[in-house]
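What follows is a short report on a single structure.
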Amino acid sequence: MDINLSEYEDPILYDLENPSSSELPFLLDLAEKYVKKGEKILELGCGTGRITIPMAEAGYSLIAVDIHEEMLNRAKEKMSPCHSIDWYLQDCRQLHLDVRVPFVFMTGHVFQHFLTNEEQDQALQSVYRCLKDHGVFVFDTRFPSFEEHALSDHETFWRTVIDAQGRTVQIYTKEQYDPIKQIEHCKVIRRFFDAGRFVEEKESFIDLRYTYPQEMKHLLDKNGFKLLRICEGWKDRPMTQYTESMVVICKKENNNV
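Note that the sequence shown covers residues 2 to 258 in the numbering used here.
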């Protein structure tokens, strides 16, 4: 059940590579609908607080959980004393939180870190225990595109950033997809340049599980959730065959799991 965390070993660089908070408007709309005054929101896989802190700035109280201590430390450094955030170092598959909240969310395709059916069940059962009756859980996961997996084992350019030392970082990915286990083994290659001169190359690795829409519905049903809808990205519109990221919205049902 070990998660490969090598991709998250540099939280400052992670923030530079992932500046977007495009999920925020969608999540704020859901929070306004489901969260009453004085209630807390639970975020799983919060990382460096990329979404946590803006949600707190919008006036919400949050419980934020992540498995990577350095990512949490970075989040704590970024928060303001006026933010209402409780940080917890825990595994989302084995949550130990004495809370019942109306709304749980998970961004950044964290759900893909649960590589087996058993781990997916454990994560959903943890969420189930933390939700109030009829509470809502929303999370994203990449759509298993045939075209994307057909390009496996080719080095693909992702983006360029400037790191904290002022160096140019060119980032590439290389994937190998296992269609039997539905797991993509991804290598991330970062090449560092200082004033145009190559300095070093670093590699990190990450494994990601893909789940199909009908498979997702069965998974949610099995673990006590009712699927409300699957959206195309963090927009409230139906997914299509061209969807790259599925956003799943589900509700806790009153059956014991």
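All C-beta atoms, glycine included, are put in the ideal place defined by N, C-alpha and C. Everything numeric in this text was worked out from a predicted model, so none of it was measured.
{"query": "When Glu24, Asp195, Ser146, Pro145 are compared against Arg168, the one with the closest alpha-carbon", "result": "Asp195"}
{"query": "For Lys41 and Tyr61, the rounded distance between their alpha carbons", "result": "7 Å"}
{"query": "Among Thr108, Ser21, Pro145, Gly39, the one whose alpha carbon lies nearest that of Ala65", "result": "Thr108"}
{"query": "Rounded straight-line distance, which links the Cα of Gly136 to that of Tyr129", "result": "9 Å"}
{"query": "Distance CB(Thr142)-CB(Met247) smaller than 7 Å", "result": "yes"}
{"query": "Start and end residues, alpha helix (DSSP H) containing Glu40", "result": "That residue, Glu40, is in no alpha helix (DSSP H); it is neither H nor E in DSSP."}
{"query": "Tyr211: CB within 6 Å of a non-hydrogen atom of the ligand SAM", "result": "By its list of ligands, the structure shown contains no ligand whatsoever, and the ligand SAM lies outside what it can speak to."}
{"query": "Residues near Asp92 by beta carbon distance below 6 Å, same chain, minus five either side", "result": "Ile68"}
{"query": "Under 7 Å between C-beta atoms of Leu116 and Arg210", "result": "yes"}
{"query": "Residues of its chain near Glu204, where Cβ-Cβ distance is below 8 Å and the 5 sequence neighbours each way are ignored", "result": "Lys188, Val189, Ile190, Arg191"}
{"query": "Ala57 classed as buried or exposed, judged by whether at least 16 other C-beta atoms fall within 10 angstroms", "result": "buried"}
{"query": "Rounded separation between Phe112 and Tyr9 - CA only", "result": "16 Å"}
{"query": "Unbroken beta strand (DSSP E) run spanning Gln177, endpoints", "result": "169-179"}
{"query": "For Leu90: DSSP bridge partner residues", "result": "Asp67"}
{"query": "Own chain residues within Cβ distance below 8 Å of Glu202, not counting five before or after", "result": "Ile190, Arg191, Arg192, Phe193"}
{"query": "Cβ of Lys38 within 7 Å of any chain D Cβ", "result": "Of the protein chains in the structure, only one exists, and it is not chain D."}
{"query": "Residues that Glu185 bridges to, as DSSP identifies them", "result": "Tyr178, Leu209"}
{"query": "Ile52 and Glu24 closer than 7 Å at C-beta", "result": "yes"}
{"query": "Meets three-Cβ-pair contact criterion under 8 Å: the region 28-42 and the region 10-17", "result": "no"}
{"query": "Candidates Pro82, Thr49, Ile250: closest to Phe218 by CA position", "result": "Here the sequence assigns Lys to residue 218, which means Phe is not the residue at that position. Looking at the Cα atoms, Ile250 is the closest of the given residues."}
{"query": "Contact under 7 Å by Cβ, Trp235 with Phe27", "result": "yes"}
{"query": "Own chain partners of Gly50 with C-beta closer than 6 Å, once the 5 adjacent residues on each side are dropped", "result": "Ala76, Lys79"}
{"query": "Proximal residues to Glu185 (C-beta, below 6 Å), its chain only, five neighbours per side dropped", "result": "Glu176, Tyr178, Leu209"}
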